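Everything in the sequence shown is counted per the numbering used here, starting at 35 for the first residue and increasing by one. A virtual CB, placed ideally from N, CA and C, is assigned to each residue, including glycine. Since we're looking at a predicted model, the values are computed, not measured. Below is one structure, written out as structure tokens; the observations come after it.
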Amino acid sequence: MQPTATLLSSSAPRPGAAAWTGRVLSALVVVFLLFDGLIKVIGMDVVRDTLAQLGYPSDIGFGLGVMTMGIAVLYAIPRTAVLGAILLTGLLGGAMATHLRVGSPVFSHLLFGGYLGLLAWGGLYLRDEKLRALLPLRR
35 MQPTATLLSS SAPRPGAAAW TGRVLSALVV VFLLFDGLIK VIGMDVVRDT
85 LAQLGYPSDI GFGLGVMTMG IAVLYAIPRT AVLGAILLTG LLGGAMATHL
135 RVGSPVFSHL LFGGYLGLLA WGGLYLRDEK LRALLPLRR
């Protein structure tokens, strides 16, 4: 019979540095998305002004905010994280297309969606063993 401490320590593998790094990256993405969604839902002036500058009616801010927060929640839950990342990719693609259409600065505005997408998928890749098995970057 083995001691209890040995059984507990050997039964569940501890997450490594990659998994923790992935969790931190994912948490940063979730916090940003929740903040972004919240300021849209509460209808801050900066949101209405920005939507007008981008050529959108200001009344869509609420719907965009709810959608953004919903995507953040899906991304944060491990069982639905891949779906959340896919939906986030679509959302960010739309944002990038909008910035391209209005001629926004490239590195600060246009590519921000790409930066956030890389953080989201990178965080998910590092924290999700099944995704790493599906997309092996090393051989």
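In the same chain as I105, and ignoring 5 residues on each side of it, the C-beta atoms closer than 7 Å to its own belong to L67, G118, L121, L122 and L125, in chain order. Per the C-alpha coordinates, the member of L88, R82, H133 and V107 positioned closest to G95 is R82.
Of all C-beta pairs linking the stretch 50-64 to the stretch 143-160, three or more are shorter than 8 Å, placing the two stretches in contact. Check the Cα spacing between S138 and each of A167, G71 and T84: the tightest is with T84. In the three-state scheme derived from DSSP, where H, G and I count as helix and E and B as strand, R166 is classed as helix.
The beta carbons of L88 and T132 sit closer together than 8 Å.
Taking the C-beta atoms as reference points, V75 is found nearer than 8 Å to G99.
Runs of the beta strand (DSSP E) spanning 3 or more residues and lying entirely within the stretch 89-152 do not occur at all.
Here DSSP, grouped into helix, strand and coil, assigns G50 to coil. Of the other Cβ atoms in all chains shown, 16 or more fall within 10 Å of the Cβ of Y109; this residue is therefore buried. By the CB criterion at 8 Å, G147 and M130 fall inside the cutoff. For R82, the enclosing alpha helix (DSSP H) has its first and last residue at D79 to Q87. By a beta-carbon distance limit of 8 Å, L144 contacts L134. Their separation comes to about 6 Å.
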